[in-house]
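Residue numbers for the sequence shown follow this note's numbering, so the first one is 550 and each next one is one higher.
To start, the structure under review is shown below, and the notes come after it.
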Amino acid sequence: YCAYNHDFSCPRPPAENRLTVPVAAGEQAYQP
């Protein structure tokens, strides 16, 4: 919401919260 209204407080997450490894997640095709 902070992109649309300055009344909201949206702090940026610290750099230590970022992962250095890829995460394979999300929709995947079903293989029976």
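The beta-carbon is built from N, C-alpha and C at its ideal position, and this holds for glycine as well.
In this text, all values refer to a predicted model and were calculated from it rather than measured experimentally.
_Nearest-angstrom Cα separation, counted from V572 out to A578_ = 17 Å
*On the three-state DSSP scale, how would you describe N554?*
coil
*May I have the straight-line CA-CA distance separating A564 from H555, to the nearest angstrom?*
23 Å
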